[in-house]
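Mapping the sequence shown onto our numbering, position 241 (from 1) lands on 242, and the numbers just tick up by one.
All residues carry an ideal CB built from backbone N, CA and C; glycine is no exception.
No experiment lies behind these values; they were computed from the predicted model shown.
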Amino acid sequence: MAQANPVYPVIWQTDHVLLIDQTRLPNEYDSVEVHRSEEMAIAIETMIVRGAPAIGVAAAYGVYLGARDIETGDRAEFLTQLEQIAERLRATRPTAVNLFWAIDQMMKVAYYTEGSVDAIKTVLLETARTINADDIRTCQQIGDHSLSILPSTPAKLRILTHCNAGALATAGYGTALGVVRSAWTAERLERVYADETRPRLQGAKLTAWECVQEGIPVTVITDNMAAHCMKIGMIDLVIVGADRIAANGDAANKIGTYSLSLVAKAHNIPFYVAAPLSTIDFAIADGAQIPIEERNPNEVYQIGDTILCPTTGVEFYNPAFDVTPAELITAIITEHGAIAPSELRDRLKAKSAIEI
């Protein structure tokens with residue numbers, strides 16, 4: 002299959018970061034220049050950049066941008082100010098563990114790098130760029146590993162996905178949509194069915210846009226159509242991404258994922274999670290401990306300038322994520338291959354030997 006120009010949502014540009022403004026897609030393809038750490042924090046909070054791996058990469062650059070602006074040459078004072086910058090970035094999105102993982106990697110480098118403050122700043126930039134490049138390679142490995150575990154029949158698969166776990170949600174290529182890309186390249190894909198993913202419509206706006214860029218056949222359905230589509234035989238498997246996976250295999254992903262897993266189970270359809278090992282939070286025993294971000298209620302009652310329902314005398318609830326229990330997940334597809342959720346604890350024992 003012919004390959005389209007790759008999409009890279011987070012790019013280092015000599016002295017600043019260039020972000021694709023995902024709030025403007027699919028109607029406008031625009032970018033935002035980020036020169037300061039606070040600008041990066043705002044970009045993450047306002048979902049200019051979104052998706053757990055992409056947020057992690059962006060946050061790594063945010064740490065460097067903050068470090069670059071620290072004027073002191075005193076190492077202890079520098080590290081104190083850098084911790085404040087790291088805390089600001091950690092506060093932007095509470096559920097996506099890749100955010101915390103990337104910031105922790107940057108802070109470890111800051112503490113363990115010997116030499117001057119300028120030397121630390123240099124290594125911080127190198128580390129952020131390495132995190133960026135590693136994420137692209139990791140997503141490609143996830144896609145490659147998926148080919149050996151996808152159902153052998155039918156010859157060409159019809160895959161349902163939820164939210165956006167594509168190139169836009171990572172440093173490039175994607176996790177769940179990376180699996181789709183690999184299946185398309187290997188001529189194992191017939192069509193993608195993209196849940197629209199209320200309330201922010203990432204499936205309709207972003208997943209569909211990415212598929213169009215590469216000529217991948219895509220059909221957008223509303224979230225409440227999934228059960229019907231499965232019942233009449235339109236779906237062969239479900240693949241989603243994840244923002245945080247607990248040690249027991251429970252996985253947090255965009256709101257609506259849990260209900261999708263229940264429907265897939267009812268119809269005996271495989272349900273896969275595609276995510277890098279850095280998304281697994283071994284410090285959390287199960288999904289009950291995963292913090293769930295609640296967002297502004299206006300995302301529920303308003304799309305653009307259109308008000309969808311009464312706003313006076315009505316309450317709104319807007320959790321951004323839900324947790325799918327491990328027993329509903331067929332396998333977690335990582336850069337090290339497919340792992341049954343029950344095997345993650347073994348990974349915990351060996352994690353010191355795994356570079357994540």
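Proximity below 8 Å, CB of I334 to CB of I71: no
Q | Contact set for V18: own chain, Cβ-Cβ below 6 Å, skip 5 residues either direction | A | V35 and Y62
Notebook entry, point to check: In the structure shown, what three-state DSSP assignment does T232 receive?
Noted result: Per the sequence presented here, residue 232 reads as Lys, with Thr not at that position. Helix.
- prompt: For the beta strand (DSSP E) that N297 lies in, which residues bound it at each end?
  reply: It is not in any beta strand (DSSP E) - N297 carries neither H nor E in the DSSP assignment.
Checklist line | Local conformation of G204 per DSSP, three classes | finding: helix
Does the distance from the C-beta atom of V241 to that of H163 stay below 8 Å? yes
*Paired residues, beta bridge with P320 - DSSP*: E295
Check your understanding: From I104, L151, C212 and T198, pick the residue whose C-alpha is nearest to that of V8; which is it?
Key -> C212
Just to confirm my understanding: we take P155, look at its own chain, exclude 5 residues before and 5 after, and list those with CB closer than 6 Å. What are they?
none
**OP:** Grab me the residues of P200's own chain with a C-beta within less than 7 Å of its C-beta, minus the 5 sequence neighbours each way, in chain order.
**Re:** E300, V301 and N319
With 16 other CB atoms within 10 Å as the buried threshold, where does Y174 fall? buried
Classify T73 as helix, strand or coil using the three-state DSSP reduction.
coil
Measuring straight from C-alpha to C-alpha, what distance separates S353 and N28? With a pLDDT of 46 at S353, under the threshold of 50, the modelled position of that residue is not reliable, and the figure given next carries that caveat. Each residue's alpha carbon lies about 45 Å from the other.
**Request:** Scan the region 77 to 157 and note each continuous beta strand (DSSP E) run of 3 residues or more that stays entirely inside, going in chain order.
**Result:** none
Separation of E294 from A92, as counted between CA atoms: 11 Å
- Message: Once the 5 residues before and after E46 are set aside, which same chain residues still bring their CB inside 8 Å of it?
- Response: T93 and R94
**Q.** Option nearest A134 by Cα separation, candidates D119, K109 and A172
**A.** A172
### Task
Could you spell out the range, first to last residue, of the alpha helix (DSSP H) harbouring V264?
T258 to A267
Taking the beta strand (DSSP E) that G338 falls in, what are its first and last residues? G338 to I340
Suppose you measure from the CA of N297 to the CA of E88; what does that come to, to the nearest Å? 22 Å
- Message: Going by beta-carbon coordinates alone, are V33 and D16 separated by less than 8 Å?
- Response: no
Exercise. Are the beta-carbon atoms of N165 and S279 separated by less than 8 Å?
Worked result: no
Practice prompt. Would you check if the distance between the CB atom of A195 and the CB atom of Y273 is smaller than 8 Å?
Written response: no
- Task: Name the one or two DSSP bridge partners that G167 has.
- Result: G175
- Taking C-alpha atoms, which residue in E215, A209, G67 and L169 lies nearest to S183? E215
Hey, is the region 117 to 124 in contact with the region 66 to 82, meaning 3+ C-beta pairs nearer than 8 Å? yes
Have a look at I355 and I281 and give me their C-alpha separation to the nearest angstrom.
Note that I355 has pLDDT 46, beneath the 50 cutoff, so the model's placement of it is unreliable and the number below is only indicative. The alpha-carbon atoms of I355 and I281 are separated by roughly 12 Å.
What span of residues does the alpha helix (DSSP H) with S38 cover, start to end? S38 to E46
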